[in-house]
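Enquirer: Mapping the sequence shown onto our numbering, position 149 (from 1) lands on 152, and the numbers just tick up by one.
Even for Gly, the Cβ is constructed at its ideal location relative to N, Cα and C.
This structure is in structure tokens; I'll ask about it shortly.
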Amino acid sequence: MSYTVIENFLPKSIQDTIEEQFHFNTQWNYVSFTSGNAKEIEGHNESVVDDNIKECPQLVHISQWGGKPNPETFGLTRMVLSFLENATGCTVGDIHKIKTNMNLKDESFKGKYHPPHADHKSPEYFTLIYYIKDSDGPTRIFQKSTLDPMPYKDLEVVGEVHPKKGRAILLKSNLMHTGTCPIENENRLVINFVFKATNLKIDFDVPNVLSVSKH
């Protein structure tokens with residue numbers, strides 16, 4: 004099991020609050036690339052050679068990076084991880100980053116995707132990708148991780164997950180993956196969480212999180 008897709012991860016009211024926050028009430032920063040095409044992992048400086056790869060600018064908002072929370076959105080985004088803890092019984096530890104990406108419509112991206120990358124080289128970290136709104140522009144999952152000798156070579160897509168409001172993907176942060184720009188919708192909004200957690204498995208059992216005692 005390399006990743007798990009979770010539907011309706013958050014209550015509808017929380018989904019709506021997050022969408023409103025990032026659609027109308029958030030300050031964004033312009034970045035000239037998504038992940039870059041040259042990476043250094045475990046001493047390897049590699050470039051992905053793939054005609055399907057297309058780099059582009061994006062807008063980003065940092066809720067936390069390197070232990071420094073942004074009071075504008077940290078409380079709201081950290082709550083998402085609290086729902087993960089409640090659903091799985093895990094305990095979230097070190098949060099490497101919480102970053103929201105906005106990819107804008109680009110019709111030239113048909114059949115293309117951003118440079119494949121890993122969010123963290125260590126297998127001790129998890130990535131949770133949360134889709135803020137319905138859109139196109141799937142997340143593509145590849146078969147390799149940073150534990151492979153040449154993680155950027157001979158990549159094959161083993162899964163595609165399409166943006167749907169309330170949907171989330173859980174995977175190890177060292178697994179190669181990438182996103183893409185929408186070609187039909189105005190934008191694509193995702194929150195990317197990279198964190199450590201105890202008692203968390205990718206293939207966790209979906210529990211009954213409510214315990215009810217009737218009197």
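#1: In the DSSP assignment, the beta strand (DSSP E) including HIS99 goes from what residue to what residue?
#2: Would you tell me roughly how many angstroms separate the C-alpha atoms of LYS15 and THR94, rounded to the nearest one?
#3: Considering only the alpha carbon of each residue, which of ILE9, SER35, ASN177 lies closest to LEU107?
#4: Name the DSSP beta bridge partners of LYS175, please?
#5: Among the candidates GLY182, GLU23, VAL193, PHE12, whose CA atom is the shortest distance from the CA of GLU58?
#6: Taking 7 Å as the limit between beta carbons, can you name the residues of its chain near PHE145, skipping five residues before and five after?
#7: What separation, rounded to the nearest whole angstrom, lies between the Cα atoms of TYR155 and ASN73?
#8: Over what stretch of residues does the beta strand (DSSP E) that includes LYS15 continue unbroken?
#9: Cutting at 7 Å between CB atoms, please list the residues of its own chain near LYS147, excluding the five before and the five after it.
#10: DSSP has ARG170 in a bridge; who is on the other side?
#11: From this set, ILE205, GLY140, LEU79, which residue's C-alpha is nearest GLU127's C-alpha?
Expert: The structure says:
#1: Here residue 99 is taken as the residue at index 96 of the sequence shown, counted from 1. Note, HIS99: beta strand (DSSP E), 94-107.
#2: Along the sequence shown, one-based indexing puts residue 15 at 12. Along the sequence shown, one-based indexing puts residue 94 at 91. Straight-line spacing of the CA atoms in LYS15 and THR94 works out to 24 Å.
#3: Counting from 1 along the sequence shown, the entry for residue 107 is found at position 104. Comparing C-alpha distances from LEU107 to each of ILE9, SER35, ASN177 shows the shortest one belongs to SER35.
#4: Locating residue 175 in the sequence shown gives position 172, where the first residue counts as 1. LYS175 pairs with PHE129.
#5: In the sequence shown, residue 58 corresponds to position 55, counting from 1. When only C-alpha atoms are compared, the closest one is GLY182.
#6: Indexing the sequence shown from 1 puts residue 145 at position 142. The beta carbon of PHE145 sits closer than 7 Å to those of PRO119, LEU158, GLU159, VAL160, VAL161, MET179, HIS180, all from its chain and outside the five residues before and after it, given in chain order.
#7: By 1-based counting over the sequence shown, the position of residue 155 is 152. By 1-based counting over the sequence shown, the position of residue 73 is 70. A straight-line Cα-Cα distance of about 33 Å links TYR155 and ASN73.
#8: Stepping through the sequence shown from its first residue, residue 15 is reached at position 12. Unbroken run through LYS15 is the alpha helix (DSSP H), 15-27; no beta strand (DSSP E).
#9: The residue labelled residue 147 in the question sits at position 144 within the sequence shown. Closer than 7 Å at Cβ, skipping near neighbours: PRO154, LEU158, MET179.
#10: As a first step, residue 170 must be located in the sequence shown, where it is residue number 167. The partner list for ARG170 (beta bridge, DSSP) is empty, contrary to what the question assumes.
#11: As a working note, residue 127 is residue 124 in the sequence shown. Nearest in C-alpha terms to GLU127, of all of ILE205, GLY140, LEU79, is ILE205.
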